[in-house]
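Residue numbers (full-length UniProt numbering): 1 to 211. Cβ coordinates follow ideal geometry from the N, Cα and C atoms, glycine included. What follows is one structure encoded as structure tokens, with my remarks underneath.
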Amino acid sequence: MTTTETAITDNAIRTAKIGLGVPSQHTLKSEPDSSDITGTAQYPPALFPNYLPVWEVPQAKYPPIRPFHYIEHGCDADTTFLDLLPPGAKIKDITTALGAEITSVNLEELNDQGKDQLALLAAQKKLLVFRDQKFASMPIGEAVDFCRYFGHLFLHPHSGAPNSHPEIHLVRRRAGNIIAPDFSNIIPILWHGIAITRTKFNPRVSLSYMD
């Protein structure tokens, strides 16, 4: 092994220990790290402690994904989008090919008709950005229920998740992790949370939110 390869390997091991814990250190843990909750001399407490992960890898096991009935809610949507885009709402294309940024819309207040129109608009634009949402401040169960309206939720078996909510896939850098600061200021490994092509039933839509 060359010096460069050794350095890369050592760096990857340190990243795993700080960010995730190497496999030999994985133990069933039903509560987040206390230092993340209370903060330390160097780092403040977590802004959203209910979203801190618990680590149940590799002990946590989920049943195989079975065939399920799927309803494409976009097919039932009113194409006027009046329930999704009320007076005052603005939609701006991000590029000419795909993507749109929507303002003055509170997703958590949508009725079922508005959610159907959201599904249709997502299918049309491929990427939607909504500003000033409150998902991070909502009870996690309510955020999960919002997502569940659109279909079966995928469970990520390889990462920590908020307690009792394996449907949530976290993208975070743990306090104290300074690995590869120039590569990413969010997470020390390349994020590919929706690349689940190895599964029989691939996720169709991903809803990501940050605060």
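| query | Does the separation of the CB atoms of Ser-30 and Val-54 fall below 8 Å? | reply | On the sequence shown, position 30 is the one that residue 30 refers to. On the sequence shown, position 54 is the one that residue 54 refers to. The Cβ atoms of Ser-30 and Val-54 lie closer than 8 Å to each other.
| Ala-41 to Pro-49, Cα distance in whole Å? | One-based indexing of the sequence shown puts residue 41 at position 41. One-based indexing of the sequence shown puts residue 49 at position 49. Distance between the alpha carbons of Ala-41 and Pro-49 is about 18 Å.
| said: Buried or exposed for Asp-145, going by 16 or more other Cβ atoms inside 10 Å? | reply: Taking the sequence shown and counting its residues from 1, one reaches residue 145 at position 145. By the neighbour-count definition (other C-beta atoms within 10 Å, threshold 16), Asp-145 is an exposed residue.
| field | Proximal residues to Leu-127 (C-beta, below 8 Å), its chain only, five neighbours per side dropped | value | Translated into the one-based positions of the sequence shown, residue 127 becomes position 127. In chain order, Ile-94, Leu-98, Gly-99, Ala-100 place their CB closer than 8 Å to the CB of Leu-127, counting only its own chain and leaving out the 5 sequence neighbours on each side.
| query | Do you know how far the Cα of Thr-103 is from the Cα of residue 233? | reply | Only positions 1 to 211 of the chain appear in this structure, which leaves residue 233 out of reach.
| Of the choices Lys-200, His-169, Asn-163, whose alpha-carbon is the least far from that of His-156? | Taking the first residue of the sequence shown as position 1, residue 156 is located at position 156. Distances from the CA of His-156 to each of Lys-200, His-169, Asn-163 were compared; the closest alpha carbon is that of His-169.
| task | List the endpoints of the continuous beta strand (DSSP E) containing Thr-79. | result | If you number the sequence shown from 1, residue 79 lands on position 79. Neither: Thr-79 is in no beta strand (DSSP E) and is coded neither H nor E.
| query | On the three-state DSSP scale, how would you describe Ile-91? | reply | The residue given as residue 91 occupies position 91 in the sequence shown. Reduced to three states, the DSSP call for Ile-91 is strand.
| Assigned exposure category for Lys-90 - 16 Cβ within 10 Å defines buried | The count along the sequence shown starts at 1 and reaches residue 90 at position 90. Exposed, by the Cβ-count rule.
| message | Quick check on this structure: which residue in Ala-119, Leu-85, Gln-133 has the alpha carbon closest to the alpha carbon of Ser-206? | response | Locating residue 206 in the sequence shown gives position 206, counting from the first residue. Taking the Cα of Ser-206 as reference, the smallest distance to any Cα among Ala-119, Leu-85, Gln-133 is reached at Ala-119.
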